[in-house]
Each structure stands twice: as structure tokens, then as C-alpha cells.
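Novice: Below you'll find the structure I mean.
In the numbering used here, the protein residues as written are 7 to 176.
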């Protein structure tokens with residue numbers, strides 16, 4: 007199911023060091039079965055973080071990257087889906103959890119301290135692209151069983167901090 011998709015937000019400096027890696031579960035996507043994230047929840051996953059670091063090291067990549075894996079349902083094996091050498095919309099979840107990855111990249115480029123000693127927060131984060139997520143959930147309700155993958159069962163951790171993809175009332 008879609009809920010077996012895991013993502014990571016990474017920053018690898020030119021000297022090869024990594025900022026703390028943000029990991030999350032893609033709980034729903036739009037369009038259903040093959041789209042981009044519409045609902046995502048932070049979820050500590052050291053296997054995903056380690057696989058992401060290993061991939062970026064093997065590529066000799068430095069900078070910001072989003073890496074996506076699918077976890078096998080039977081044996082838990084991680085399969086690489088893609089690596090994007092840029093921040094994705096869901097990087098807002100990483101920022102909300104205290105991962106200043108874009109700021110870390112700016113610090114490296116400009117010799118500044120934009121990141122300012124940011125620390126990763128203990129609370130979990132739920133990120134939603136509201137319009138796309140509403141549409142994805144509606145698609146599943148209108149055509150139950152009409153998809154290749156089983157319907158996801160979105161489980162947002164209780165007490166999660168909420169953040170939005172493109173709009174915030176504040």
C-alpha cells in the first residue's frame with residue numbers, strides 16, 4: 007500500500023558530513039496509487055536514514071535531497087523509488103520538526119549562520135496538502151477497489167504538530 011512509502015529529507019555538506027536526516031511515511035498521495043504526497047507523517051526510521059546517507063555517499067552528492075523508498079510488505083526490504091536533488095513541498099514537515107536543511111545549505115554557500123543552532127524537536131509532525139489530500143481521499147471513496155494498490159490506512163501519530171504544504175493561517 008501507499009503507506010509503505012518512506013521518504014527522507016537530507017543535507018550532505020561538501021565535506022561529506024550530514025545534517026540530521028528527517029524521515030517520514032507517505033500516508034496518502036494524489037493521484038491515488040502513483041502521485042506525490044498529499045498526507046505525510048514524520049516517523050523515525052533509521053533504516054531509511056542510513057539507506058539515504060549511503061545512496062548520497064555512493065553518488066558523491068552534496069546538497070539537499072529528498073529520497074523515497076518503498077518498504078516490501080513481506081520482508082521489509084527497502085526499494086529505491088527516486089532521489090530528487092532539491093527540496094520537495096513536504097520539506098515543510100522537516101522544517102516544522104526543526105530540520106533546517108535549506109538553512110544549512112545556505113550556511114554552506116554563504117558562510118552564514120541562518121540555521122542558528124536549530125535542534126530537532128521531539129514531537130512528531132503531520133503534513134498535509136489539503137486540496138490534494140481531500141481529492142485523494144474522495145477518489146478512494148468513490149471507487150473502492152478500483153486501484154492497483156490497497157487503500158492506505160492513514161495513521162497520524164497522536165499529538166502531532168500540524169503543518170500545511172502551501173498555506174498557513176498564521
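The C-beta atom is built at its ideal place from N, Cα and C for all residues, glycine as well. All of these numbers come straight from a predicted model, not from anything done at the bench.
Flag this pair as yes or no: are the beta carbons of residue 96 and residue 13 separated by less than 8 Å?
Specialist: Yes, these two residues count as a Cβ contact at 8 Å.
Novice: Which of the three DSSP states is assigned to residue 167 in this structure?
Specialist: Three-state result, residue 167: strand.
Novice: Classify residue 29 as buried or exposed, calling it buried when 16 or more other Cβ atoms lie within 10 Å of its own Cβ.
Specialist: With 16 or more other Cβ atoms within 10 Å, it is buried.
Novice: Where residue 141 and residue 114 are concerned, what is the direct C-alpha to C-alpha distance, given to the nearest angstrom?
Specialist: Near 39 Å, if we compare the C-alpha coordinates of residue 114 and residue 141.
Novice: With a 10 Å radius around its C-beta and 16 neighbouring C-beta atoms as the bar for buried, classify residue 85 as buried or exposed.
Specialist: Classification of residue 85: exposed, given that the 10 Å Cβ count is below 16.
Novice: Can you say whether residue 44 is buried or exposed, counting buried as having 16 or more other CB atoms within 10 angstroms of its CB?
Specialist: Flag for residue 44 reads buried.
Novice: What would DSSP say about residue 67, mapped onto helix, strand or coil?
Specialist: Residue state, collapsed to three classes: coil.
Novice: Can you name the start and end residues of the alpha helix (DSSP H) that residue 114 belongs to?
Specialist: It spans 107-116 - the alpha helix (DSSP H) in which residue 114 sits, taken as one unbroken run.
Novice: If you pair each beta-carbon of the segment 105-119 with each one of the segment 165-173, do three or more pairs fall below 8 Å?
Specialist: The segment 105-119 is not in contact with the segment 165-173.
Novice: Would you mind stating whether residue 49 and residue 38 have Cβ atoms separated by less than 8 Å?
Specialist: Contact: no.
Novice: Could you give the C-beta distance for residue 24 and residue 77, rounded to a whole number, given that I count them as a contact under 8 Å?
Specialist: So it is not a contact: roughly 22 Å between Cβ atoms.
Novice: Of all the options 34, 8, 17, which has the alpha carbon lying nearest to the alpha carbon of residue 66?
Specialist: Out of 34, 8, 17, 17 has the C-alpha closest to the C-alpha of residue 66.
Novice: Rounded to the nearest angstrom, what separates residue 150 and residue 83 at their Cα positions?
Specialist: Taking the straight line from one Cα to the other gives about 28 Å.
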